[in-house]
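Residue numbers (my numbering), protein chains in the order written: chain A, 1 to 334; chain B, 335 to 550. Cβ atoms here follow ideal geometry from the backbone N, Cα and C, with glycine treated the same way. Keep in mind the model is a prediction, meaning the values are calculated, not measured.
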Amino acid sequence: MKKLINNPRYVVEEMIEGYVLAHPNHVRQLSENARSIVTAKETREGKVGVLIGGGSGHEPAFMGYVGDGMADGVAVGNIFASPPPDPILEATKVIDKGEGVVYIYGNYAGDLMNFSMAAELADLESGIKVGSVIVTDDVASAPKDEMEKRRGIAGEFFVTKAAGAAADKGFGFDDVVRIAQKANDSMRTMGVGLTPCSLPQTGKPSFELEENEMEIGLGHHGEPGLEKGELQPADQVVDRLVRDIFADMPIESGEKVAVLVNGLGSTTRMELYIMFRRVKHLLNEKGIVIHRSYVGDYSTSLEMGGASITIMKLDDELAELVDHPADCAMYTQK
Amino acid sequence: MKMTADELKNFLMNVVTMIEEQKEYLCELDRKLGDGDHGVTMSIGWQAINDKLNDELKYEQDCGKIAIMTGRTFLSAVGSSVGPLYATGFMRGAKAFQGKTEVNDVELKDFWVAFVEGIKERGKAEVGDKTMVDSLQPALETLQASFDKSNNFVVSFTEAVASAYQGMESTKDMLSKRGRSSRLGERSLGTIDPGAASAYLILETFLKTMNAKKVV
């Protein structure tokens, strides 16, 4: 796979360098740890801090979501690997304004260990209160009776959005945790993979699919999904993904939702909008109201081909938070 | 048999070399079970340790400090899931080496027992889950049982490494129950777990380091 990089060993460092140089009004890198990035503006006194993080290779997730109305800080790991505790801890210290910090991250063994070690250290060393909400939106990654095992994928955007808006509106620590948890519990994601990505260090594809194949439920790091099959037209793929979402999360006519059609890296906007159009038709048939739509690359897997659909049910509280403005280097909402 | 601080550093150097040689093999195993980067991750961590060995640890003679620095450096360089696991192993093991410029048979045994216990506690994986614990736990059991009889570290560690090898091989027939590959189900059968493979290779490298010094 061809890539425009220099030494594969330094891709993450060079990406971060470029990112903070490009957006000095939005973000700054901490001198204490090169893998910690926080908002350029100091976090407001009395505001609950929101910290996100995870492996690199998912851009704009996660570092692109640091900004007003979203996260206050991010810890950046190696490609597809959780950050260690140090950058999490350093960012925590900077964004804590006495009201505590809420960690939001995906449900992976590495993230669980590193973020919980950082949370323990934040409490021990600095007496900072830390809450954690683990994102588990990927329906395909475990059956419903083992929901706690599900991976976190594109839906983490919605959890960050809701929690970031809540913190920005002045919600207290317990309420920001509650909102993040509610956002996670109110949404589901189903994805499809078409082509693999390759890690800069190895240059080899992370999995194999034949030219005419797709894989339903493929993970964000190339983890095998539910089933491989012949590539279907977009409408049929969308029908399948949406059917699986509603089988897992029943919904009534008249309910409100937010929809995210997310590209995995090399899937075009053309394809994503073709998919969205079908989602809209299906929801119209069911009498479900799309309150707000997001279409684009929100959480990628390097240059993987494919897409995911996330549907989040909205009560009035979540709807208001989804509508709250946001201003990040890689995402803005008015 | 005693091990000096310089010999301990020699072991760490040997792991650095071994990981570079096995990097592609470990990635290949991981491509079948995960995202194909286990060799890269191990290499990133051990290269960072290599940098420390040539810098801050160059003249360090406290075996405990060397072990702690090894764990912390690995963790800071890789994060991931192996970061906290190996960091916990080295830092727990370091207690047996604290303040010592050379360590004896009992301390070497205590180091590896604490190393494995620390990893088990941090990762909460059990034998049969298809993880590094499948190499480490049999090694731990053999090391303890054999050392109780012989009081000889090299003799018991030789047997422990053989048990680790069998443990590693046994992961071929296991279904993944931990980490990302746990979502693979039946598709995880037939491949050695890359974490079990690298854990075995590290133990084997320690034994080779001890044996090389016996000849000299």
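How close, in whole Å, do the beta carbons of residue i and residue j come, if the pair is a contact with beta carbons under 8 Å?
i                      : j                      : result
residue 160 of chain A : residue 104 of chain A : 6 Å
residue 526 of chain B : residue 542 of chain B : No, residue 526 of chain B and residue 542 of chain B are not in contact; Cβ-Cβ is about 20 Å, not under 8 Å.
residue 195 of chain A : residue 305 of chain A : 3 Å
residue 401 of chain B : residue 428 of chain B : 4 Å
residue 239 of chain A : residue 282 of chain A : 7 Å
residue 287 of chain A : residue 254 of chain A : 6 Å
residue 209 of chain A : residue 193 of chain A : 7 Å
residue 197 of chain A : residue 303 of chain A : 5 Å
residue 404 of chain B : residue 453 of chain B : Their Cβ separation, rounded to whole angstroms, is 14 Å, which puts residue 404 of chain B and residue 453 of chain B out of contact at 8 Å.
Give a yes or no on whether the C-beta atoms belonging to residue i and residue j are separated by under 8 Å.
i                      : j                      : result
residue 442 of chain B : residue 337 of chain B : yes
residue 407 of chain B : residue 382 of chain B : yes
residue 80 of chain A  : residue 340 of chain B : no
residue 139 of chain A : residue 245 of chain A : yes
residue 155 of chain A : residue 300 of chain A : no
residue 128 of chain A : residue 164 of chain A : no
residue 537 of chain B : residue 523 of chain B : no
residue 83 of chain A  : residue 413 of chain B : yes
residue 48 of chain A  : residue 40 of chain A  : no
residue 472 of chain B : residue 497 of chain B : yes
residue 430 of chain B : residue 445 of chain B : yes
residue 72 of chain A  : residue 38 of chain A  : yes
residue 88 of chain A  : residue 114 of chain A : yes
residue 191 of chain A : residue 61 of chain A  : no
residue 347 of chain B : residue 544 of chain B : no
residue 530 of chain B : residue 468 of chain B : yes
residue 53 of chain A  : residue 74 of chain A  : yes
residue 171 of chain A : residue 312 of chain A : no
residue 397 of chain B : residue 342 of chain B : yes
residue 247 of chain A : residue 275 of chain A : no
residue 206 of chain A : residue 221 of chain A : yes
residue 44 of chain A  : residue 3 of chain A   : no
Quick one: Cα of residue i to Cα of residue j, how far?
i                      : j                      : result
residue 178 of chain A : residue 29 of chain A  : 29 Å
residue 5 of chain A   : residue 332 of chain A : 28 Å
residue 259 of chain A : residue 280 of chain A : 9 Å
residue 50 of chain A  : residue 36 of chain A  : 13 Å
residue 166 of chain A : residue 315 of chain A : 14 Å
residue 1 of chain A   : residue 149 of chain A : 32 Å
residue 438 of chain B : residue 420 of chain B : 23 Å
residue 14 of chain A  : residue 22 of chain A  : 12 Å
residue 175 of chain A : residue 186 of chain A : 16 Å
residue 143 of chain A : residue 224 of chain A : 15 Å
residue 559 of chain B : residue 435 of chain B : Residue 559 of chain B lies beyond the range of chain B shown here (335 to 550); nothing can be said about it.
residue 334 of chain A : residue 169 of chain A : 15 Å
residue 451 of chain B : residue 243 of chain A : 45 Å
residue 493 of chain B : residue 500 of chain B : 11 Å
residue 116 of chain A : residue 484 of chain B : 41 Å
residue 359 of chain B : residue 349 of chain B : 15 Å
residue 480 of chain B : residue 470 of chain B : 15 Å
residue 457 of chain B : residue 70 of chain A  : 32 Å
residue 57 of chain A  : residue 433 of chain B : 42 Å
residue 384 of chain B : residue 399 of chain B : 15 Å
residue 463 of chain B : residue 504 of chain B : 11 Å
residue 332 of chain B : residue 409 of chain B : The requested residue 332 of chain B is not part of the displayed model; chain B covers only 335 to 550.
residue 261 of chain A : residue 153 of chain A : 12 Å
residue 546 of chain B : residue 495 of chain B : 16 Å
residue 418 of chain B : residue 110 of chain A : 8 Å
residue 17 of chain A  : residue 24 of chain A  : 11 Å
residue 330 of chain A : residue 65 of chain A  : 7 Å
residue 461 of chain B : residue 31 of chain A  : 42 Å
residue 272 of chain A : residue 344 of chain B : 54 Å
Under the rule that 16 or more other beta-carbon atoms within 10 Å means buried, what is residue i, buried or exposed?
i                      : result
residue 356 of chain B : buried
residue 218 of chain A : buried
residue 236 of chain A : exposed
residue 343 of chain A : What is shown of chain A runs 1 to 334, which leaves residue 343 of chain A out entirely.
residue 264 of chain A : buried
residue 212 of chain A : exposed
residue 33 of chain A  : buried
residue 270 of chain A : exposed
residue 325 of chain A : exposed
residue 76 of chain A  : buried
residue 482 of chain B : exposed
residue 78 of chain A  : buried
residue 268 of chain A : exposed
residue 392 of chain B : exposed
request  = State whether the region 278-295 of chain A contacts the region 312-326 of chain A, with contact taken as three or more CB pairs (one from each stretch) at a distance under 8 Å.
outcome  = At 8 Å Cβ cutoff, the stretches touch.
ask   = Would the region 112-128 of chain A and the region 174-188 of chain A be scored as touching if the rule is three or more Cβ pairs under 8 Å?
value = Taking 8 Å as the limit for Cβ pairs, the verdict is that the region 174-188 of chain A does not touch the region 112-128 of chain A.
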